[in-house]
Each structure stands twice: as structure tokens, then as C-alpha cells.
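Student:
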Amino acid sequence: MNFRKIQLAGSVLFFLLLTFAQAGSQNLAKGWVFNDLNRNQIQDSNEPGIEGVLVSNGREVVRTDKNGAWKLPVDAEVEELFLIKPTAYEVPVNENKIPQYFFLLSPETELNKNIVFPLYEGSKNDTFSVVFFGDPQARGEKEMNYVFHDVVEELVGTNATLGVSLGDMVADDPEMMDDISSGIAQIGIPWYNVFGNHDNDRDATSNNDRDRTFSRFFGPSTYAFEYGDVAFIGLNNIFFQPNGKYRPHFTEKQLLFVANYLQQLPTDKLVVLMMHAPIVACNNRNDLFRILESHEHTFSISGHVHEQINLFLDEKDGWKGKNEHHHLVNATVCGSWWCGLKDEMGIPHATMNDGAPNGYSIVSFTGNRYSVRFKAARRPADYQLNIYFPEEIKTTELAKSRVVVNVFAGSERSVVEMKIGHNGSWLSLQKKDQIDPGNLRANQLNTYLEQEIKGEVLEDVLGYKMDSPSVSTHMWEGAVPANLPPGTYTLTVRTSDMFGQSWTAHRIFRVIN
């Protein structure tokens, strides 16, 4: 890839000049932020303003004064105003658990009236966890119910502090957003959303209008909030062109917002970027990198790809920070777009194209540190890998046999080992990107699903055909000892990830003459 080189000093100067140019001859919106002691979302006489809260128009970022008051310029480019939830406070949520931290502007908005944002006193705990969904992507009511039964029901009562969907909540039907949100709300925690390419208004004629319905249900498609020592930034990086096609891209307005916000943050805070398309797919990611590199602790997460990939970005990728930047392409709730044979509950197995099961991530934070744990839908928490090896193998075939392992959330920083028998020695497995054998087999069954029984295509009854499998980035392989005598053996595989989390799985096989 060819990367455009931009110096940090020049980049910041550009942003400042553009900000000053845009700030001239604009209307001003004003209001205040207050401590809503009785949580009725109305400022009563005994409820004081809150000083130092950040408020934005999606471009500039200002702090409230000692009375909680703020002012911001408003022009044709400004479509909403929002506060950035500070640590130790909460914002109200609606009946679907959607945080209400924003005010949507319209031609009828009277800017001479105060816009008021209530805050509730909350926890100051710097240890918490976040559930991340990638692409629920429900096509109609049937697949919406798959989302509820496959992942939502097992999360009801979770001890996670909040949740985030990383785009493509629906599949080209934005009016479904309310219904699917009402189901996800049953988990019982505040839920933020990122804009995805399938969340757009297809009748819109400009990029600015593509998130119209999304904003009506969820608020701004670019925003920020804080918990503990972590600053979360949601970015709409799906840019629609006049021909209706899109490309991953950050707008100048978004880059200004991130730059202005990060200037207000202590440099030791962890900055977490949330987006739909992977950051490496954005044509102007270097512009964002130059801004983000001012902070030592960073992490970003996306969906869109329907595979799970850990990327560690360095100079060859355009990143010039002190440490590599970790970007997680998150597992998707819909897996392979709800494809695959249905189980006894009528839900497709939806295995992703890289052989990992559909599911979600739980990211835990302590101070400015984080760890990621993958969770397969409706499977035990320790179901983290698949082992592929024949159930029965001849002694003459041992020398050429290979153990293949798919570690669903594995990365180049994972260690994977195996042993034969309960007292065997641990042997290292080697990372080797390849197609998952189980996924390949599922794809090969497609021809059977094309058949008809009594005029009905089996695909409509048993489950959608699988897409062609992709080369998985989290595969390992190795050889078993060639001198194993006939008998029954336990093959044990263990793996440890970059966060020190360890997982073990077993496979029983027989050696015969």
C-alpha cells in the first residue's frame, strides 16, 4: 500500500486554521449541563450546573464554565450537539437503553433558547467491561429473533457496564432499528451504536443524509464518552459517494473533532476508537494516525469483515506511535450472515468464513489497560478453539499427518502447544494461515442444499448455503510423533494469548495397524 506522509505539526496547524475559518460568522447555540439529582431530566432550583464537562457540535469541543454553561458555533454542517459523558457521571437512557446525551438540530430549532443536558452521579470505578457486537445484520423479523435467541438471552443480567454494536445493526432496513434495539435493551445495560454501511437510508442523495434514520434512533454517528480512565470515540467511517457506493473514509469534520477532543484529554488516558470498517481500510487513515499518536495508550475495534482478525500496526502500515497500534476486527453476531445448517433450536450455526463461530467480544478495562475475550454464541465461555485430526489413523500414516488448530481469537502473539497422552511432553505448534477444514466441509455441503423435496428447496428448510471459506489468520499446525503404537490417545491443545488468558481443548483419536 502507498501511504501519504503527513507531519504532526503541519497536521495540527491545518486543523487549527480550518477551525478558525469555519468559526467565523456563525450562529451560536448555548445551554448548560447540570447535576440532575432527582433524575427527572428537568433542572430544578436546587440542581447546580457542572463545571468542566466537554460539549461538542461534532467539530469544536468546549468545556462548561463554573455554572455549567457552554456555547458552540452552529452552521449548515452542524446537525447535532452533544456532551461527552465524563467519568463518574451517567447520562439518561430511553426505554431501549440508548444513552440520551445529544440534541438533534432541525430547521425549527430556536438557537436563542438554552439546550440543557442532564447528568446523573455515577460510579468512579476504573475497572469495568464492555460487550462489543459486530454486525447483528438482521434481515427481517426472523433474523432479528436469531439475534435475541443466540446472543442477547445469554447476556441478560451480565455484569458488563455497557455495550456497543459496531455497525450493521440491520440489513438495509433502518426502520427495524427500533425493534432490534428493544430486544437488545433486555440485557439491561446502556447500549451505544456505530453506523454501518447497511444502516444507511438508501433514498438519501448525500453522504450527510445517509445516517438520518440512525441518528433519529441512536444519536450522532460520530461521538465520544468516558468511563474510568478510558475515552471512547465512535466514528462513522462509511463515506457514501454520489453514485451510491461507499468507501471507508474519515471526513475533515471528524478529524477535527478527534483532534480537538484529544487536546482536552490527559495523554495517559486510554483512547479507544470504535468504527464499522477496519481502520486499515480507510484511505486517509494516516491523517487519523497523526492525531492519535499523541497518546501512548490506544486501541481500536471494528466489524464489517465477518471474520476475527488481530492487527498490530507499525510504520509499514503508516503508524508512527511509540508502540504498535492494536486493531481488532471483531467477531460478528450474525457470523456468516446467518448462513449454515439450523440446529435443534432452529438457529443457523453461522460459522464465520475464517472458521470461528459467530459471537461477540467482552473487553475488560483496568485503568488504561485492556484485555479482550471472545465469546462464542450459546457456547461455554472456554470454547475458544477447534482441533482437527482424524478420529482413526493407521500407523503407516502417522508420519505425514498434521494436527490443525483454529484458535478463534488467536494472533501472532499467541502461544499454541499440544501433547499426546496425559503424560506427554508439550510440543509447539506453528502459526500457518490456511482455510479452516470444518468450514471447507460445510461449504462442500452446499450442493445438497440446492436439491428440492416436494418442490421445496432444502436451503429454505435446513439453512442457507455457506459462502466460500477464507484463509484464516488464526490457524496453527504441527506433527504428532510418527512412532505411536496402536491404541487410544488424548490429544490436548493449550493456548495462551497476549493478555495471559489460557484455554485448553482435547480430541480423542485411535491409532490402528
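When we follow our numbering, the leftmost residue of the sequence shown carries the number 13, and every step to the right adds one.
Just so it is clear, CB atoms sit at the ideal spot from N, CA and C, and this is done for glycine as well.
#1: DSSP puts L503 in a beta bridge; with which residues?
#2: Using beta-carbon positions only, say whether F262 and L300 come within less than 8 angstroms of one another.
#3: Quick one: using the 10 Å Cβ neighbour count with 16 as the cut-off for buried, is T507 buried or exposed?
#4: What residues in its chain sit with their C-beta under 6 angstroms from that of S193, if we drop five residues either side in the sequence?
#5: Assign V168 to one of three DSSP states: helix, strand, or coil.
#6: Nearest-angstrom Cα distance between G499 and D394?
#7: In the structure shown, what three-state DSSP assignment does N39 receive?
#8: Rounded to the nearest angstrom, what separates D509 and V168 at their Cα positions?
#9: Could you give the first and the last residue of the continuous beta strand (DSSP E) run that contains N418?
#10: Nearest-angstrom Cα distance between G146 and V284?
#11: Can you list, in chain order, the stretches of the beta strand (DSSP E) that have 3 or more residues and sit fully within the segment 254-340?
#12: Go ahead and label G200 buried or exposed: buried means 16 or more other beta carbons lie within 10 angstroms of its beta carbon, across all protein chains shown.
#13: Ignoring anything shorter than 3 residues, give me the beta strand (DSSP E) runs that lie fully in the segment 465-503, in order along the chain.
#14: Could you pull the DSSP bridge partners for N205 from this structure?
#15: Excluding the 5 residues flanking Q112 on each side, which residues of the same chain have their C-beta closer than 7 angstroms to its C-beta?
#16: Cβ atoms of C351 and Y476: under 8 angstroms apart, would you say?
#17: Using a Cβ-Cβ cut-off of 8 angstroms (strictly less than) and excluding sequence neighbours within five positions of N335, which residues of its own chain qualify?
#18: Does the separation of the CB atoms of Y6 and G240 fall below 8 angstroms?
#19: Can you give the Cα-Cα distance for T217 and P186, rounded to whole angstroms?
#20: Cutting at 8 angstroms between CB atoms, please list the residues of its own chain near L123, excluding the five before and the five after it.
#21: The beta strand (DSSP E) spanning I196 covers which residue range?
#22: Shortest alpha-carbon distance to N126 belongs to which of A150, W82, N435, E424?
#23: Jot down the residue ranges of each uninterrupted beta strand (DSSP E) in the segment 344-388, minimum 3 residues, whole runs only, in chain order.
#24: How big is the Cα-Cα spacing for S440 and M287?
#25: Using 8 angstroms as the Cβ pair cut-off and three pairs as the minimum, do the segment 337-344 and the segment 311-325 touch?
#26: Can you round the beta-carbon distance between I62 and A236 to whole angstroms, since I take them to be within the 8 angstroms contact cut?
#27: If the criterion is Cβ atoms closer than 8 angstroms, does the pair Q276 and V73 meet it?
#28: Taking the alpha-carbon positions, what's the Q19 to D48 distance?
Tutor: On the basis of the supplied data:
#1: In the sequence shown, residue 503 corresponds to position 491, counting from 1. I432, R519, per the DSSP bridge assignment.
#2: Along the sequence shown, one-based indexing puts residue 262 at 250. Along the sequence shown, one-based indexing puts residue 300 at 288. Cβ atoms of F262 and L300: closer than 8 angstroms.
#3: Numbered from its first residue, the sequence shown carries residue 507 at position 495. Around the beta carbon of T507, 16 or more other beta carbons sit within 10 angstroms, so the residue counts as buried.
#4: Mapped onto the sequence shown, residue 193 falls at position 181. Correct list, in chain order: N108.
#5: Here the question's residue 168 lines up with position 156 in the sequence shown. Looking at V168 - three-state DSSP - the assignment turns out to be coil, as it is neither helix nor strand.
#6: By one-based count along the sequence shown, residue 499 stands at place 487. By one-based count along the sequence shown, residue 394 stands at place 382. If you take the alpha carbons of G499 and D394, they lie about 28 angstroms apart.
#7: Locating residue 39 in the sequence shown gives position 27, where the first residue counts as 1. It is a strand residue.
#8: Working through the sequence shown from its first residue, we reach residue 509 at position 497. Working through the sequence shown from its first residue, we reach residue 168 at position 156. If you take the alpha carbons of D509 and V168, they lie about 27 angstroms apart.
#9: The residue labelled residue 418 in the question sits at position 406 within the sequence shown. Residues 415-419.
#10: Along the sequence shown, one-based indexing puts residue 146 at 134. Along the sequence shown, one-based indexing puts residue 284 at 272. As the crow flies, the alpha-carbon of G146 is around 16 angstroms from that of V284.
#11: Within the segment 254-340, the complete beta strand (DSSP E) runs of at least 3 residues are 258-260, 282-286, 310-314, 321-325.
#12: As a first step, residue 200 is located in the sequence shown; it is residue number 188 there, counting from the start. So G200 ends up on the exposed side.
#13: Entirely contained in the segment 465-503, the beta strand (DSSP E) runs reaching 3 residues are, in chain order, 487-490.
#14: Start at 1 with the first residue of the sequence shown, and residue 205 comes out as number 193. The beta-bridge partner set that DSSP reports for N205 consists of S177.
#15: Start at 1 with the first residue of the sequence shown, and residue 112 comes out as number 100. Within the same chain, Q112 has close Cβ partners V103, P104, V105, N106.
#16: Reading the sequence shown from its first residue, position 464 is the one you call residue 476. Reading the sequence shown from its first residue, position 339 is the one you call residue 351. Judged by beta-carbon spacing, C351 lies within the 8 angstroms limit of Y476, meaning their Cβ atoms are closer than that value.
#17: For the purposes of this step, residue 335 is identified with residue 323 of the sequence shown, where counting begins at 1. So the list reads E308, once near-sequence residues are dropped.
#18: In the structure as shown, the chain starts at 13 and stops at 525, and residue 6 therefore has no counterpart that could be examined.
#19: Reading the sequence shown from its first residue, position 205 is the one you call residue 217. Reading the sequence shown from its first residue, position 174 is the one you call residue 186. Each residue's alpha carbon lies about 16 angstroms from the other.
#20: Here residue 123 refers to the residue found at position 111 of the sequence shown. When the five nearest sequence neighbours on each side are left out, the beta carbons in the same chain lying within less than 8 angstroms of the beta carbon of L123 are those of N39, L40, A41, K42, V86, in order along the chain.
#21: Indexing the sequence shown from 1 puts residue 196 at position 184. In the DSSP assignment, I196 falls outside any beta strand (DSSP E) and within the unbroken alpha helix (DSSP H) covering 189-196.
#22: By one-based count along the sequence shown, residue 126 stands at place 114. Relative to the Cα of N126, the nearest Cα in the group A150, W82, N435, E424 belongs to W82.
#23: Counting whole runs of 3 or more residues, the segment 344-388 contains the beta strand (DSSP E) stretches 371-378, 381-388.
#24: Sequence index remark: in the sequence shown, residue 440 carries index 428 (1-based). Sequence index remark: in the sequence shown, residue 287 carries index 275 (1-based). For S440 and M287, the distance between alpha carbons rounds to 36 angstroms.
#25: With a cut-off of 8 angstroms, the segment 311-325 and the segment 337-344 count as touching, because enough Cβ pairs lie within range.
#26: Working through the sequence shown from its first residue, we reach residue 62 at position 50. Working through the sequence shown from its first residue, we reach residue 236 at position 224. Contact between I62 and A236 is absent: CB atoms are separated by about 17 angstroms, not below the 8 angstroms threshold.
#27: Locating residue 276 in the sequence shown gives position 264, counting from the first residue. Locating residue 73 in the sequence shown gives position 61, counting from the first residue. Between Q276 and V73, the C-beta spacing is below 8 angstroms.
#28: Translated into the one-based positions of the sequence shown, residue 19 becomes position 7. Translated into the one-based positions of the sequence shown, residue 48 becomes position 36. Confidence at Q19 is low in this model, with a pLDDT of 41, below 50, so the placement of that residue should be treated as unreliable; the coordinate-derived value is given next. Between the C-alpha atoms of Q19 and D48 there is a straight-line separation of about 44 angstroms.
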